[in-house]
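Peer 1: Numbering (my numbering), first residue to last: 4 to 401.
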Ligand SMILES: [Zn+2]
């Protein structure tokens, strides 16, 4: 089923079908979307209750793809619910009925070589010459700690290899810079880049770094319950025994008895305090740093929309409202509009990531840590970069 959409795109001109790309509107509910596309309302009832909860998990502003015929009838739609899975709606042949499914998003990964000649600075020049803002960001941060950018002069050269994920031919998610060569006049510097985007000039060495953000008490996330018992973990896609297919679980489930107080994991503003379909009574809190937390199945909500809350404040009570087999907390956490594994963040030391920093004598560094630079595939990418520089043909495409 999932391949039909892709195939249709390739043979599109034959059937007078068109693919339309748009963004999921921020304030739009799934029901409103169906109405706007003339999909019968009983379509929702045909979706299993297990799957209905994903209808509230669509990423606002994500790209959706629709296949329409020349009468503007929706034939198929692909709507992401995470970076891994997407809703697939497909009109049945010779029928007004639609089918619902959740399928993996198909990504292709491209590897590219780019060359940037310095006119002003690495960021603006990359943006101008490669026309990709994310890439310009990634490149300038990858060389920041490895070279002194102020010494770059007009005519100097930066060559680099990067990978970029694409969905339906469009660049999505962050590109990964893999290896960089900076040529300042006659001096060459090679930079290996790790998965966080930090650059190093040497491998296998112990380097000093300090935290980018202060590891203060206020930067820590707390736990949503006083006593923690995880009954189900986060997953982008795992086998669902009832549906007999892969489904995501966009949160962590905590077991607790009915009426147990729920605590705000961090200070913030209440953005939702009401019923939300199969999630039952839900509270959502917007925090700084692009985070938003969600507390589902509550027996009682203790806060109001728009209210400010402090970390540890009681925002509601454990319950079993919505679709739930027994009292528990389904806790979801989003960063920049995407579901992430809450346990990667809850109880951890700092909101911010750590950053390599060259330690100089002059700097007043309070907290120095050490890590050994070990980057998978680093040498291979350097070899690839050297070869690409020799051939002298940039291969980036946008
Ligand atoms: Zn859950």
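Glycine included, C-beta positions come from ideal geometry on N, C-alpha and C. No experiment lies behind these values; they were computed from the predicted model shown.
Select from 73, 181, 61 and 129 the residue whose C-alpha is nearest the C-alpha of residue 91.
Peer 2: Start at 1 with the first residue of the chain shown, and residue 91 comes out as number 88. Measuring from the Cα of residue 91, the nearest candidate turns out to be 61.
Peer 1: So, are the CB atoms of residue 311 and residue 272 less than 8 Å apart?
Peer 2: Working through the chain shown from its first residue, we reach residue 311 at position 308. Working through the chain shown from its first residue, we reach residue 272 at position 269. Yes.
Peer 1: Would residue 276 and residue 314 be called neighbours here (beta carbons separated by less than 8 Å)?
Peer 2: Locating residue 276 in the chain shown gives position 273, where the first residue counts as 1. Locating residue 314 in the chain shown gives position 311, where the first residue counts as 1. Against a cut-off of 8 Å, the Cβ pair of residue 314 and residue 276 comes out as no contact.
Peer 1: Taking residue 337 as the reference, give the member of 280, 237 and 320 with the closest Cα.
Peer 2: By 1-based counting over the chain shown, the position of residue 337 is 334. Residue 237 is the option with its Cα nearest to residue 337.
Peer 1: Go ahead and pull the three-state DSSP assignment for residue 307.
Peer 2: Residue mapping note: residue 307 aligns to position 304 of the chain shown, counting from 1. Note: residue 307 maps to coil in three-state DSSP.
Peer 1: Could you name the residues whose beta carbon sits closer than 6 Å to any heavy atom belonging to ligand 1, keeping them in chain order?
Peer 2: That gives 235, 252, 254, 256 and 333.
Peer 1: By alpha-carbon positions, which one of 198, 146, 156 and 174 ends up nearest to residue 184?
Peer 2: As a first step, residue 184 must be located in the chain shown, where it is residue number 181. Ranking the options by Cα distance to residue 184, first place goes to 146.
Peer 1: For residue 282, which of helix, strand or coil comes out of DSSP?
Peer 2: Here residue 282 is taken as the residue at index 279 of the chain shown, counted from 1. In the structure shown, residue 282 sits in a helix (DSSP, three-state: H, G or I).
Peer 1: How about residue 385 and residue 182: are their beta carbons less than 8 Å apart?
Peer 2: Position 382 of the chain shown holds residue 385. Position 179 of the chain shown holds residue 182. Yes. Within cutoff.
Peer 1: Hey, how far is the Cα of residue 86 from the Cα of residue 168?
Peer 2: By one-based count along the chain shown, residue 86 stands at place 83. By one-based count along the chain shown, residue 168 stands at place 165. Computed Cα separation, rounded: 11 Å.
Peer 1: Residues in its own chain within less than 6 Å of residue 21 by CB, not counting five upstream and five downstream?
Peer 2: For this step, residue 21 is matched to residue 18 along the chain shown. Closer than 6 Å at the Cβ level, and outside the excluded window around residue 21, lie 71.
Peer 1: Jot down the residue ranges of each uninterrupted alpha helix (DSSP H) in the region 71–145, minimum 4 residues, whole runs only, in chain order.
Peer 2: Fully enclosed alpha helix (DSSP H) runs of 4 or longer: 125–133.
Peer 1: Which whole-angstrom value describes the C-beta separation of residue 267 and residue 318, a residue pair presumed to lie in contact below a C-beta threshold of 8 Å?
Peer 2: Numbered from its first residue, the chain shown carries residue 267 at position 264. Numbered from its first residue, the chain shown carries residue 318 at position 315. Contact flag correct, Cβ pair sits at about 5 Å.
Peer 1: If you count every other CB in all the chains shown that lies within 10 Å of the CB of residue 244, and 16 or more means buried, which is it?
Peer 2: Here residue 244 refers to the residue found at position 241 when the chain shown is read from its first residue. Looking at its Cβ environment, which holds fewer than 16 other Cβ atoms inside 10 Å, residue 244 is exposed.
Peer 1: Roughly how far, in whole angstroms, is the beta-carbon of residue 126 from the beta-carbon of residue 98, given that I think they are within contact range, below 8 Å?
Peer 2: On the chain shown, residue 126 is found 123 positions in, with the first residue counted as 1. On the chain shown, residue 98 is found 95 positions in, with the first residue counted as 1. Contact flag wrong, Cβ pair sits at about 53 Å.
Peer 1: Exposed or buried, which one is residue 42 when buried takes at least 16 other CB atoms within 10 Å?
Peer 2: Within the chain shown, residue 42 is the residue found at index 39, counting from 1. Buried, since its Cβ has 16 or more Cβ neighbours within 10 Å.
Peer 1: Could you name the residues that DSSP lists as bridge partners for residue 34?
Peer 2: As a working note, residue 34 is residue 31 in the chain shown. Residue 34 is not bridged to any residue.
Peer 1: Just curious, the beta strand (DSSP E) that residue 197 is in, first and last residue?
Peer 2: Here the question's residue 197 lines up with position 194 in the chain shown. Counting along the chain, residue 197 falls outside any beta strand (DSSP E), and DSSP gives it neither H nor E.
Peer 1: What are the start and end residues of each continuous beta strand (DSSP E) run of 3 or more residues lying completely inside the region 140–192, in chain order?
Peer 2: Counting whole runs of 3 or more residues, the region 140–192 contains the beta strand (DSSP E) stretches 160–170 and 173–187.
Peer 1: Just curious, the alpha helix (DSSP H) that residue 47 is in, first and last residue?
Peer 2: Position 44 of the chain shown holds residue 47. Per DSSP, residue 47 belongs to the alpha helix (DSSP H) from 46–49.
Peer 1: Buried or exposed for residue 242, please, with buried defined as at least 16 other CB atoms from any protein chain shown within 10 angstroms of its CB.
Peer 2: Counted from its first residue, the chain shown places residue 242 at position 239. Result: exposed.
Peer 1: Taking DSSP's pairing of strands, which residues face residue 258 in a bridge?
Peer 2: Within the chain shown, residue 258 is the residue found at index 255, counting from 1. BP columns for residue 258 point to 331.
Peer 1: Report all residues from its chain with a CB closer than 6 Å to the CB of residue 164; omit the five preceding and five following residues, and keep chain order.
Peer 2: Residue mapping note: residue 164 aligns to position 161 of the chain shown, counting from 1. 116, 181, 182, 384, 387 and 388.
Peer 1: Spatial neighbours of residue 269 within its chain, please: C-beta separation below 6 Å, excluding the five flanking residues on both sides.
Peer 2: Taking the first residue of the chain shown as 1, we reach residue 269 at position 266. Cβ neighbours of residue 269 beyond the five flanking positions: 224, 290 and 314.
Peer 1: Taking contact to mean at least 3 C-beta pairs separated by less than 8 Å, is the region 154–162 in contact with the region 131–141?
Peer 2: The answer is no - the region 131–141 does not touch the region 154–162, with fewer than three Cβ pairs under 8 Å.
Peer 1: Given a threshold of 16 other Cβ atoms within 10 Å of its Cβ, counted over all protein chains shown, does residue 88 qualify as buried or as exposed?
Peer 2: Along the chain shown, read from residue 1 onward, the residue named residue 88 stands at position 85. Buried.
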